[in-house]
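Heads up, the thing below is written out as structure tokens.
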Amino acid sequence: MTNQEKIKELLGSHFGYTSFREGQEEAILAALSGEDTLVMLPTGTGKSICYQLTGYCLKGIVLIVSPLLSLMQDQVEQLKMFGEKRVAAINSLMDIKEKEWVLNHLNQYKFIFLSPEMLQQPLLLERFKQLEIGLMAIDEAHCISQWGMDFRLDYLELGTIRKTLNYPLTMALTATATETVRQEILDSLLLDKDKTKQIVYSVDRPNIAFSVVACRRNKEKKLLEKIEQLKKPGIIYFSSKKKADEVTAWLKVETPFAVESYHSDIEGDDKIKIQQQFIQNDIDIICATSAFGMGINKENIRFVIHYHLPASMEAYLQEVGRCGRDGRPSIAILLYEPGDQFLQMRLHEDGLPTPAMLNYAYRNGTVFDGSCSTIQQEIIENYLSSKTPLEEAKAQIMSRELQKKRQLDYMVQYAETTSCKRTHILYYFDETRIEKPLNCCSNCGLDESVYSADQDEFLRNKATTFLNWKKTLNELFLLEN
DNA sequence: CGGCGCGTGTATATACACGCGCCGGTGCCATATT
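Residues 1135 to 1615 in this note's numbering are what the first sequence lists, from first letter to last.
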């Protein structure tokens, strides 16, 4: 039996599917032929099948590096649902006994999920070294580039980890990466460009229309208009937790919809609850920061609105890519007002060490901890302990700052361009628009009624809004008395 | 950025003008504390 026949059969027997989606088969076959792979498939097209099926065909354990605990748990659950028992996530949610047991019985497992931070533990690495590793998968590999330099530094250690594990067969997976970012991923993982098979598909999602709404001190009004009009469910993204909370409270009063906010301050249990309610259609609208969404598999999200300007086109496409997974018409709206970039610039400000901080640290061999943020300290300590020359450290930081600035500039250009928004997005990913969907973008002309709740529903909403208002007023009145 | 809230100061005892500062995202893990 050829590999091709074999994986087709396993697709049915393990996952119950009859055919592959675009790119999956190609990725698996490349990996099975012994090539390291970088797999870039559009958001929501089943990247996990790629490493899972590859794993089933190979001898040895599959290590999956995953960025989030919730993502690991989802994947573990999913595999168990398909009947796989030899699967575990090693993380801080595990109690010590449980962890010990898994580590002592690793050869009974097929799939192990872990974070890059967990992989830094010497004991753990020692165990994995003694194991036959069939495949090492890096899920959401864009995190290397997005987070490695100034948020989760352990993402940059994955190359060293690969080396320690004697360069196991590797598959890196992502939905959004430019040519430059793909190269960054390869370099960071110590993957040879010429020996790594890149399976790259278009980032374009033709069923998503792009719209930019120019605002002038009236974002809230414009937002309300859109919320009342659009088909639900949907996500509104903010770059501020406070603003997300405010708008949530406000929309609860102003509209009849079920609205919840989601960001890093929400307690763990509530986070899970909100996610589940959203997935079960009990919540119409989520007001979220960038904390929300990775690994959200919900088919029927109809819109993604950005109240603030995202930091980069990669981030924007990741967030926008969460709508329309069912292939039905969906819309991505950016509310833009000139000057919006300053919030992002402010967010970046304390992220990287300044030259003065570096000078001090290199002169004294220790971090000046008076005015450094935690992450700045961490970055400096990293440079000191790796004995990176001062000038090189400075150069790296400068180039990261420049990169962030360019990314933001491109978002401003996107917001302001009077030509096709879709073309502009694709250009960033070195693609040209091949076909123009009927509803392309706000500059090509959009039939907004496609995304509107039907007239009946609209009127019903209006009526309920009114009733809600009366109810709220009554309650307030009663409180007053 | 630029708007807003706050405290201070000024011409006159309440109101208004002015300047200043503020505004802020993403998660692992380990360890200490309820």
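Backbone N, C-alpha and C define an ideal beta-carbon position, used for all residues, glycine too.
If you're wondering where the values come from, they're calculated on a predicted model, not measured in any experiment.
Which residues DSSP lists as bridging residue i, in chain order
| i | result |
| --- | --- |
| residue 1332 | 1172 |
| residue 1364 | 1586 |
| residue 1307 | 1173 |
| residue 1575 | 1344 |
| residue 1550 | Note: residue 1550 sits in no beta bridge, so no partner. |
| residue 1394 | 1420 |
| residue 1400 | Note: residue 1400 sits in no beta bridge, so no partner. |
| residue 1369 | 1420 and 1438 |
C-beta atoms of residue i and residue j nearer than 7 angstroms
| i | j | result |
| --- | --- | --- |
| residue 1408 | residue 1585 | no |
| residue 1424 | residue 1541 | no |
| residue 1560 | residue 1284 | no |
| residue 1457 | residue 1435 | yes |
| residue 1294 | residue 1259 | no |
| residue 1216 | residue 1149 | yes |
| residue 1223 | residue 1236 | no |
| residue 1225 | residue 1203 | yes |
| residue 1170 | residue 1324 | no |
| residue 1310 | residue 1276 | yes |
| residue 1196 | residue 1272 | no |
| residue 1247 | residue 1206 | yes |
Sequence-distant residues of the same chain with beta carbon closer than 6 angstroms to residue i, five excluded per side
| i | result |
| --- | --- |
| residue 1454 | 1438 and 1466 |
| residue 1614 | Note on residue 1614: pLDDT 44, under 50, position unreliable in the model; the coordinate value appears next. Within the same chain, residue 1614 has no close Cβ partners at all. |
| residue 1194 | 1266, 1267 and 1268 |
| residue 1363 | 1586 |
| residue 1278 | 1289, 1319 and 1322 |
| residue 1616 | Only positions 1135 to 1615 of the chain appear in the structure, and residue 1616 is not among them; the question remains open. |
| residue 1327 | 1320 |
| residue 1373 | 1442 and 1477 |
| residue 1619 | The shown model of the chain, from 1135 to 1615, leaves out residue 1619, and the question about it has no answer. |
| residue 1538 | 1482 |
Status (buried if at least 16 other CB within 10 Å, exposed otherwise) for residue i
| i | result |
| --- | --- |
| residue 1573 | buried |
| residue 1257 | exposed |
| residue 1201 | buried |
| residue 1345 | buried |
| residue 1624 | No answer is possible for residue 1624: the residues shown for the chain start at 1135 and end at 1615. |
| residue 1350 | exposed |
| residue 1141 | buried |
| residue 1176 | buried |
| residue 1536 | exposed |
| residue 1387 | exposed |
| residue 1250 | buried |
| residue 1476 | exposed |
| residue 1343 | buried |
| residue 1159 | buried |
| residue 1253 | buried |
| residue 1529 | exposed |
| residue 1416 | exposed |
| residue 1168 | exposed |
| residue 1370 | buried |
| residue 1152 | exposed |
| residue 1227 | exposed |
| residue 1406 | exposed |
| residue 1395 | buried |
| residue 1444 | buried |
Cutoff 7 angstroms; reference residue i; Cβ partners in own chain excluding five residues on either side
| i | result |
| --- | --- |
| residue 1348 | 1470 |
| residue 1313 | 1564 |
| residue 1162 | 1141, 1184, 1187 and 1188 |
| residue 1517 | 1527 |
| residue 1181 | 1173, 1175 and 1307 |
| residue 1512 | 1287 |
| residue 1341 | 1458, 1461, 1462, 1463 and 1464 |
| residue 1497 | none |
Residues of its chain near residue i, where Cβ-Cβ distance is below 8 angstroms and the 5 sequence neighbours each way are ignored
| i | result |
| --- | --- |
| residue 1316 | 1172, 1174, 1332 and 1334 |
| residue 1534 | 1283, 1284 and 1486 |
| residue 1399 | 1375 |
| residue 1418 | 1366, 1367, 1368, 1391, 1392 and 1393 |
| residue 1514 | 1487, 1491, 1492, 1495, 1501 and 1506 |
| residue 1353 | 1441, 1469 and 1471 |
| residue 1191 | 1137, 1140, 1141, 1144, 1162 and 1166 |
Residue i Cβ short of 6 angstroms to the ligand ZN heavy atom set
| i | result |
| --- | --- |
| residue 1441 | Although the ligand ZN was asked about, the structure shown includes no ligands whatsoever. |
Entirely within the region 1255-1280 and at least 3 residues each: give me those beta strand (DSSP E) ranges in chain order.
1267-1272
In chain order, which alpha helix (DSSP H) runs of at least 4 residues are fully inside the region 1416-1480?
1447-1454
Ignoring anything shorter than 3 residues, give me the beta strand (DSSP E) runs that lie fully in the region 1191-1227, in order along the chain.
1195-1199 and 1221-1223
Threshold first: 4 residues or longer. Then list the alpha helix (DSSP H) segments lying entirely within the region 1500-1545, N to C.
1508-1519
Entirely enclosed beta strand (DSSP E) segments - the region 1224-1251, minimum 3 residues:
1245-1248
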